[in-house]
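Okay, so here's the structure we're looking at.
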Amino acid sequence: MKEIVIATKNKGKAREFKTFFAKGNIVAKSLLEMERFTPDIEETGKTFEENAALKAEGISRYLDIPVLADDSGLIIDALDGRPGVYSARYAGEDKDDKANMAKVLEELKNTPMDKRTARFICMLAIAIPGKETLFRTGYCEGRIAFEEMGVNGFGYDPIFIPEGYSKTLAELLPEEKNQISHRKNAIDQLEGLLGDLSHV
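The sequence shown begins at -6 in the numbering used here and counts up by one.
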């Protein structure tokens, strides 16, 4: 059976990918399950694509097997695309979700709802030894709320209202969020690659 490594130590994220790859009889393992040491890859890219490729290609070279990595973030139109690739550390290097949301809300405090459009992006990179790296992208469109609402989810979920909803992602049930998330939409873009990966 074929294997692919998911370059994450996030159990929830790994579970989503495992379920997807199982459809193609491909065993997906997260970095938490690796018996061999895997190096930490510094995300020094200027774009989501560069960061995803750095992780996927770096670990794939080290392990010599296919590796999938993702880079995700929040893009806000009124802030010229910020926080973007710096989403996790927008308010500082300690990656504080509360501080990040507070900074966004402060920067948008005089911005009306119709100008608060935003989207989450998930960029996937699959590095296969000896082949060109493949990329797939998923989005979740929406707008930024005026205050935090809800206790589910993580990151910017409490201030992001997805398109077609009146609640934030943090007010939705996990199964509802997972049906519309940027990661789900990116994973859906992988559908046509299962056959190719099965023959690697």
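Using N, Cα and C, we set each Cβ at its ideal position, and we do this for glycine too. Computed from a predicted structure; not experimentally measured.
Counting only the Cα atoms, Thr104 lies some 44 Å from Pro59.
Going by beta carbons, Lys170 and Leu183 fall outside the 8 Å limit.
When the five nearest sequence neighbours on each side are left out, the beta carbons in the same chain lying within less than 6 Å of the beta carbon of Ile180 are those of Phe13, in order along the chain.
The three-state secondary structure of Phe113, taken from DSSP, is strand. C-alpha of Gln172 to C-alpha of Ile121: approximately 28 Å in a straight line. Going by DSSP, Leu186 is part of no alpha helix (DSSP H) at all; its letter is neither H nor E.
Between the beta-carbon of Pro151 and that of Gly143 there is about 5 Å, and that keeps the pair under the 8 Å contact cut. Assignment of beta strand (DSSP E) within the stretch 130 to 192, counting only whole runs of 3 or more residues, yields 153 to 155 in chain order. In this structure, Ile34 and Lys48 form a Cβ contact; the two beta carbons are roughly 5 Å apart against a cut-off of 8 Å. Excluding the 5 residues flanking it on each side, His175 has same chain C-beta neighbours closer than 8 Å at Ser65, Arg112, Phe113, Ile114, Cys115, Gly131, Tyr132, Cys133, in chain order. Here the C-alpha atom of Glu(-4) lies approximately 37 Å from the C-alpha atom of Lys91.
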